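For reference, each letter of the sequence shown is one residue, going 181 to 339 in our numbering.
Everything on this sheet refers to the single structure shown next.
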Amino acid sequence: MFKELYKEVQGIVYKCRNEYHLHLWELSDWDQEGMICLHELISREEELVEDIPRLRKYFKTKFRNRILDHIRKQESQKRRYDKEPYEEVGELSHRISEGGLWLDDYYLFHETLRNYRNKQSKDKQEELERVLRNERFRGRQRVLRDLRIVFKEFDIRTY
Numbered sequence: 181m182f183k184e185l186y187k188e189v190q191g192i193v194y195k196c197r198n199e200y201h202l203h204l205w206e207l208s209d210w211d212q213e214g215m216i217c218l219h220e221l222i223s224r225e226e227e228l229v230e231d232i233p234r235l236r237k238y239f240k241t242k243f244r245n246r247i248l249d250h251i252r253k254q255e256s257q258k259r260r261y262d263k264e265p266y267e268e269v270g271e272l273s274h275r276i277s278e279g280g281l282w283l284d285d286y287y288l289f290h291e292t293l294r295n296y297r298n299k300q301s302k303d304k305q306e307e308l309e310r311v312l313r314n315e316r317f318r319g320r321q322r323v324l325r326d327l328r329i330v331f332k333e334f335d336i337r338t339y
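Set out below in structure tokens:
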């Protein structure tokens with residue numbers, strides 16, 4: 181019975197799918213959201229099962245509002261996790277303190293560190309991690325000498 185009722189309102193779901201875009205939603209997600217919405221609507225107002233035209237009107241309103249809520253959540257500032265913001269480097273440069281590395285140097289530094297780490301044996305990787313955690317151990321000066329050679333183009337002071 182539920183599937184037959186859903187077939188009555190499935191066109192509304194597909195029409196909303198064509199009108200609105202929800203990031204990372206597939207057809208099955210739209211169907212699932214439509215079924216959840218229909219179930220909630222029928223559970224709250226059981227007499228709609230008998231009155232199909234009224235069910236369609238209620239469902240259309242409830243489903244569209246539900247989709248608009250999802251769109252608002254995706255667009256809200258707090259939940260912007262799935263959008264990669266693009267900012268010109270020139271627009272960001274004033275935010276980086278003068279005492280540190282510039283953005284391109286910062287990126288190059290981390291890229292160089294990652295490449296250096298990947299070329300080392302497991303023991304040397306562990307020693308590098310210990311240096312990065314500022315731990316004291318036998319062989320620390322050797323690791324620091326190696327790092328000075330690798331990062332000679334950066335102004336890095338070790339203490």
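Just so you know, even glycine gets a beta-carbon here, dropped at the ideal spot from N, CA and C.
Nothing here was measured: the structure is a model prediction, and the numbers come from that model.
As assigned by DSSP and simplified to three states, the class of residue i
i      : result
HIS201 : coil
MET181 : coil
GLN300 : coil
ASN314 : coil
ARG208 : The sequence shown places Ser at residue 208, not Arg. Correct three-state label for SER208: helix.
SER223 : helix
GLY319 : coil
LYS332 : coil
ASP231 : coil
Buried versus exposed call for residue i [16 or more other C-beta atoms within 10 Å across all chains shown]
i      : result
GLU230 : exposed
GLU206 : exposed
GLY214 : buried
GLU255 : exposed
ARG197 : buried
LEU327 : buried
GLU226 : exposed
ILE192 : buried
Presumed contact (8 Å Cβ cut-off) between residue i and residue j, rounded CB distance
i      : j      : result
TYR238 : LEU221 : 6 Å
LEU324 : VAL311 : 7 Å
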